[in-house]
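A short worksheet on the structure shown next.
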Amino acid sequence: MAQYRHNDIDATVVNDAVTSSISHKGKERADILDENAYRRSTKIGGNNTTPTFVHSEDYFATKRPFCVRIGEDGLIGALTELDNQLQASGRPRLLSRKKPTEWLGFMGEEVNPGEIGVVNHAGLPKILTQPGTYPPFPFRNWWARTWKGTRGVSDTTLFFQGLTVVQVSLNQVAVVSDPQNRIFIVSEGGFAAFAVQGTYDVLEVVDQTHLTKHVKDKVTGATLGWMQEVTMPSQIGGNASNYAVAGFLDIPANNVAVLQRGDEMEQVPAGQHCITIPNVKLRGLFTCGENQIEMPTKDIYTRDQVPVSLTIYMKWQLLEPLKLTTHGYNSPYEALRDKAQSILTQIVAHLDYSSMVKQRTVGSDHMEDPTDPSSPFLDALRTRAMDDLHIAALEYGILLKDLAVIDRQFKGDIASTMDKLTTRALQAQVEAANVDRENSNKVKQEQGALQVAQVKAQARKTEAEALAYATTTAAKAEAEAVIIAAEAQAAAIKLQAKAEADAIAARSNADSRVEDPFAREMEVRRVDVERVKAFGPRAVFVPCETGGVTGNPTTNALMTGMAMRLGHEEGAKPPGN
Numbered sequence: 001m002a003q004y005r006h007n008d009i010d011a012t013v014v015n016d017a018v019t020s021s022i023s024h025k026g027k028e029r030a031d032i033l034d035e036n037a038y039r040r041s042t043k044i045g046g047n048n049t050t051p052t053f054v055h056s057e058d059y060f061a062t063k064r065p066f067c068v069r070i071g072e073d074g075l076i077g078a079l080t081e082l083d084n085q086l087q088a089s090g091r092p093r094l095l096s097r098k099k100p101t102e103w104l105g106f107m108g109e110e111v112n113p114g115e116i117g118v119v120n121h122a123g124l125p126k127i128l129t130q131p132g133t134y135p136p137f138p139f140r141n142w143w144a145r146t147w148k149g150t151r152g153v154s155d156t157t158l159f160f161q162g163l164t165v166v167q168v169s170l171n172q173v174a175v176v177s178d179p180q181n182r183i184f185i186v187s188e189g190g191f192a193a194f195a196v197q198g199t200y201d202v203l204e205v206v207d208q209t210h211l212t213k214h215v216k217d218k219v220t221g222a223t224l225g226w227m228q229e230v231t232m233p234s235q236i237g238g239n240a241s242n243y244a245v246a247g248f249l250d251i252p253a254n255n256v257a258v259l260q261r262g263d264e265m266e267q268v269p270a271g272q273h274c275i276t277i278p279n280v281k282l283r284g285l286f287t288c289g290e291n292q293i294e295m296p297t298k299d300i301y302t303r304d305q306v307p308v309s310l311t312i313y314m315k316w317q318l319l320e321p322l323k324l325t326t327h328g329y330n331s332p333y334e335a336l337r338d339k340a341q342s343i344l345t346q347i348v349a350h351l352d353y354s355s356m357v358k359q360r361t362v363g364s365d366h367m368e369d370p371t372d373p374s375s376p377f378l379d380a381l382r383t384r385a386m387d388d389l390h391i392a393a394l395e396y397g398i399l400l401k402d403l404a405v406i407d408r409q410f411k412g413d414i415a416s417t418m419d420k421l422t423t424r425a426l427q428a429q430v431e432a433a434n435v436d437r438e439n440s441n442k443v444k445q446e447q448g449a450l451q452v453a454q455v456k457a458q459a460r461k462t463e464a465e466a467l468a469y470a471t472t473t474a475a476k477a478e479a480e481a482v483i484i485a486a487e488a489q490a491a492a493i494k495l496q497a498k499a500e501a502d503a504i505a506a507r508s509n510a511d512s513r514v515e516d517p518f519a520r521e522m523e524v525r526r527v528d529v530e531r532v533k534a535f536g537p538r539a540v541f542v543p544c545e546t547g548g549v550t551g552n553p554t555t556n557a558l559m560t561g562m563a564m565r566l567g568h569e570e571g572a573k574p575p576g577n
């Protein structure tokens, strides 16, 4: 099998599936590529009638002597058919006519269900297919026969005295060499064969979903597929060697393999494939998805002989791998690397050092100013490099989607001078930046102090306004309370006076309605008593003929008694009251 060459280059790779939006004139020619070419098998060279390089022959389509394919009847049915073919050709039978015995269970040879017994009968195989116990006598039944044990009916392989049985399950493939050393594969079933001359050798049973070798792209690191080789031992003179006789491929989706036989090449799509044709080899595995890479170029000299090294960014997609292999490349990266180096060398050779040193990076069209004096290099790269490289990539079946120069480094004396100047400029920038930073910090500190003072003044102003508002509100509330209290008191006095007036009027009306003289006299006396009470407890009354009181003896005596009574009560009180 062909192997990949190692690309000795320092590259940073990222797999990406994002479509590029860059536009260029050469991209209009991309329609000449077939975007679905990797989905089908394609050949170049030779003629279309040549059969495919991958294994497609059914070994059992041709009837072969003493070789029976295992079908619906399973292994026992295939052995029965093989036994019939041997008997029809006059050869000894394969299946033994011995029968198991039920009455003898403590001695003999036992064959369990799901097993077959094998017996060496004078160098020829004999098979016991019925389960049970086979007795050791009569001895004529075992004359020239040797018991060799049992084998499982479902075992993958069985080899015994020229009898070969192979059975494979899902995803398994057996690589077999027949007595004529022809290599064929067995999948989804199996066969039973008896080699009269030569042997059927099972070289290997391969699991197609878990091949041993993982193939990756040396540059991008993308998984290209899995492969496994099957070898056959051969004896040449006194030396034993192994030779590859079959190869298996497991190609993931969106990937392809290219097979080669002489000048003919065939593209094989994704899937599981087997190669058994001797002169067919694997040319390579390729991914048809998008890839991108940052790649340094070799030293390029400007028109004034200044060496410069560029770091370029490329994004591409391989659409027709056969075109790439036809030109002798094993990976799209190799083709793009060589072409990019050639095109950039031609462009830079026509540019001056001064036009290249003014800018460090190249981006998309909208990122640059067309009036910039450094635009000659950028314009030359976008127009010529992109278009030329795109057109060249189409010849290799590659669609170039993006190209940019992301860095450039000058070398030699110019580079050292530039480094010194750049270092000085950076130091000046750093010093200026430090001064600006210090000034900015001071300004920010002063601004911060000013803001703090403004905040404090605003806080004091707010507190004063709040205090004034509270004082005014309290005074207004107190005044309103006094007014309300005065109004309430005045209203109460008015109501009380009105009530007293109404009471006096009511009493006067009541008194005016009294017609009994005695009652009138008693009311007068009560009025006199109330009038005397009004003078207080310390008043002393003496008899007199004036003062508004009539001078009859009864009145005088009454007043004298009341005065004495009051004087007695005052004298009886303790001092201080």
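Each residue of the sequence shown is one higher than the one before, starting from 1 at the first, in UniProt numbering. Each residue gets a CB set at the ideal place from its N, CA and C atoms; glycine is no exception. Keep in mind the model is a prediction, meaning the values are calculated, not measured.
Legend entry - Inter-residue spacing [alpha-carbon to alpha-carbon] between Ser187 and Val54: Position 187 of the sequence shown, counting from 1, holds the residue named residue 187. Position 54 of the sequence shown, counting from 1, holds the residue named residue 54. Going from the Cα of Ser187 to the Cα of Val54 covers about 15 Å.
Inset, instruction - Report yes if the C-beta distance between Asn330 and Ala222 is below 8 Å; otherwise report no. - result: Within the sequence shown, the letter at position 330 stands for residue 330. Within the sequence shown, the letter at position 222 stands for residue 222. Contact flag unset, no.
Legend entry - DSSP-derived helix/strand/coil call for Ile277: The residue given as residue 277 occupies position 277 in the sequence shown. DSSP places Ile277 in coil when its eight states are reduced to three.
Legend entry - Span separating the alpha-carbon of Lys148 from that of Trp226: For the purposes of this step, residue 148 is taken as residue 148 along the sequence shown, with counting starting at 1. For the purposes of this step, residue 226 is taken as residue 226 along the sequence shown, with counting starting at 1. Approximately 41 Å between the Cα atoms of the pair.
Inset, instruction - Give me the Cβ distance between Val405 and Ile312, rounded to the nearest whole Å; I'm assuming they're in contact under 8 Å. - result: For this step, residue 405 is matched to residue 405 along the sequence shown. For this step, residue 312 is matched to residue 312 along the sequence shown. Sure, about 5 Å apart at Cβ, within 8 Å.
Inset, instruction - Inspect the beta-carbon positions of Ala240 and Thr231 and report whether they are closer than 8 Å. - result: Position 240 of the sequence shown, counted from the first residue, corresponds to residue 240. Position 231 of the sequence shown, counted from the first residue, corresponds to residue 231. It is not a contact, given that the beta carbons lie outside the stated cut-off.
Legend entry - At least 3 beta-carbon pairs within less than 8 Å: the segment 258-269 vs the segment 192-201: no
Legend entry - Three-way DSSP call (helix, strand, coil) for residue 657 in this model: Because residue 657 is not part of the residues shown, which for the chain are 1 to 577, the question remains open.
Legend entry - Rounded C-alpha distance that separates Ala174 from Lys98: Residue 174 sits at position 174 when you count from the first residue of the sequence shown. Residue 98 sits at position 98 when you count from the first residue of the sequence shown. Cα-Cα distance, rounded: 33 Å.
Legend entry - Where Gly561 falls, given that 16 or more other Cβ within 10 Å makes a residue buried: Mapped onto the sequence shown, residue 561 falls at position 561. That one is exposed.
Inset, instruction - Using the Cα positions of Arg93 and Pro125, report the straight-line distance between them to the nearest angstrom. - result: Numbered from 1 along the sequence shown, position 93 holds the residue referred to as residue 93. Numbered from 1 along the sequence shown, position 125 holds the residue referred to as residue 125. Arg93 and Pro125: Cα-Cα distance of roughly 9 Å.
Legend entry - Alpha-carbon spacing of Tyr333 relative to Gln85, whole angstroms: On the sequence shown, residue 333 is found 333 positions in, with the first residue counted as 1. On the sequence shown, residue 85 is found 85 positions in, with the first residue counted as 1. If you take the alpha carbons of Tyr333 and Gln85, they lie about 59 Å apart.
Inset, instruction - Consult DSSP for Asn84 and reduce its assignment to one of helix, strand or coil. - result: Translated into the one-based positions of the sequence shown, residue 84 becomes position 84. Of the three classes helix, strand and coil, the one that applies to Asn84 here is helix, per DSSP.
Inset, instruction - Ignoring anything shorter than 3 residues or poking outside the segment 59-83, list the beta strand (DSSP E) runs there in chain order. - result: 67-69
Legend entry - Beta-bridge pairing of Ile251 - partner residues as DSSP gives them: Within the sequence shown, residue 251 is the residue found at index 251, counting from 1. According to DSSP, Ile251 bridges with Gly271.
Inset, instruction - Under 8 Å by Cβ, that's how I've got Arg145 and Asn120 pegged, so tell me the actual separation to the nearest angstrom. - result: Translated into the one-based positions of the sequence shown, residue 145 becomes position 145. Translated into the one-based positions of the sequence shown, residue 120 becomes position 120. Confirmed, Cβ separation roughly 7 Å.
Legend entry - Same chain, Cβ closer than 8 Å to Glu523, neighbours up to 5 away in sequence not counted: The count along the sequence shown starts at 1 and reaches residue 523 at position 523. Only Asp511, Val514 meet the Cβ criterion.
Legend entry - Sequence-distant residues of the same chain with beta carbon closer than 8 Å to Pro278, five excluded per side: For this step, residue 278 is matched to residue 278 along the sequence shown. Closer than 8 Å at Cβ, skipping near neighbours: Val245.
Inset, instruction - For my contact list, Asp352 and Thr297 are in at a C-beta cut-off of 8 Å; report their separation, rounded to the angstrom. - result: To locate residue 352, count along the sequence shown from 1; it is residue 352. To locate residue 297, count along the sequence shown from 1; it is residue 297. With 8 Å as the limit, Asp352 and Thr297 do not qualify as a contact, their Cβ atoms being about 19 Å apart.
Legend entry - 7 Å Cβ shell around Gln341 - same chain, five flanking residues per side excluded: What you label residue 341 is simply residue 341 of the sequence shown in a count that begins at 1. Thr297, Lys298.
Inset, instruction - Kindly indicate which three-state DSSP category Ser89 falls into: helix, strand or coil? - result: On the sequence shown, position 89 is the one that residue 89 refers to. Note: Ser89 maps to coil in three-state DSSP.
Inset, instruction - Please name the residue in Gln346, Glu395, Leu259, Ile116 whose C-alpha comes closest to that of Gly132. - result: Taking the sequence shown and counting its residues from 1, one reaches residue 132 at position 132. Per the Cα distances, Ile116.
Legend entry - Coil, strand or helix - Phe191 by DSSP: Taking the first residue of the sequence shown as 1, we reach residue 191 at position 191. Of the three classes helix, strand and coil, the one that applies to Phe191 here is strand, per DSSP.
Legend entry - Close-in-space but distant-in-sequence residues of the same chain around Ser96 (CB under 7 Å, 5 per side omitted): Looking up residue 96 in the sequence shown gives position 96. Around Ser96: Val119, Lys126, Ile127, Leu128.
Legend entry - Ser177, DSSP secondary structure in three states: Start at 1 with the first residue of the sequence shown, and residue 177 comes out as number 177. The answer is strand: DSSP assigns Ser177 an E or B state.
Inset, instruction - Report back the beta-carbon spacing between Thr157 and Val202 to the nearest angstrom; my notes put them in contact at under 8 Å. - result: In the sequence shown, residue 157 corresponds to position 157, counting from 1. In the sequence shown, residue 202 corresponds to position 202, counting from 1. With a Cβ gap of about 5 Å, Thr157 and Val202 count as contacting.
Inset, instruction - Check the C-beta distance from Thr80 over to Val111 and give it rounded, since I have them as a contact under 8 Å. - result: Mapped onto the sequence shown, residue 80 falls at position 80. Mapped onto the sequence shown, residue 111 falls at position 111. No, Thr80 and Val111 are not in contact; Cβ-Cβ is about 16 Å, not under 8 Å.
Legend entry - Helix, strand or coil at Asp436 [DSSP, three-state]: The count along the sequence shown starts at 1 and reaches residue 436 at position 436. If DSSP states are grouped into helix, strand and coil, Asp436 belongs with the helices.
Inset, instruction - Count the other C-beta atoms from every protein chain shown that fall within 10 angstroms of the C-beta of Ala392, then say buried if there are 16 or more, exposed otherwise. - result: Taking the first residue of the sequence shown as position 1, residue 392 is located at position 392. Answer is buried; the Cβ neighbour count reaches 16.
Inset, instruction - Note down the Cα distance separating Tyr396 from Trp316, rounded to an integer number of angstroms. - result: For the purposes of this step, residue 396 is taken as the residue at position 396 of the sequence shown. For the purposes of this step, residue 316 is taken as the residue at position 316 of the sequence shown. Cα to Cα, the separation comes out at about 12 Å.
Inset, instruction - Could you give the DSSP three-state label for His327: helix, strand or coil? - result: On the sequence shown, position 327 is the one that residue 327 refers to. In this structure, His327 counts as coil in the three-state DSSP scheme.
Legend entry - Cβ shell of His327 (< 8 Å), same chain only, five flanking positions each side left out: Your numbering for residue 327 matches position 327 in the sequence shown. So the list reads Ala335, Glu395, Tyr396, once near-sequence residues are dropped.
Legend entry - First through last residue of the alpha helix (DSSP H) which encompasses Met522: Numbered from its first residue, the sequence shown carries residue 522 at position 522. Element bounds for Met522: 517-534.
Inset, instruction - Using a Cβ-Cβ cut-off of 8 Å, state whether Ser331 counts as contacting chain D. - result: No chain D is present in this structure, which holds just one protein chain.
Legend entry - Cα-Cα separation, Ala257 to Cys288: Position 257 of the sequence shown, counted from the start, is the residue given in the question as residue 257. Position 288 of the sequence shown, counted from the start, is the residue given in the question as residue 288. Approximately 11 Å, taken between the alpha carbons.
Legend entry - Alpha-carbon to alpha-carbon, Leu249 and His273: As a first step, residue 273 is located in the sequence shown; it is residue number 273 there, counting from the start. As a first step, residue 249 is located in the sequence shown; it is residue number 249 there, counting from the start. When rounded, the distance between both Cα atoms is 5 Å.
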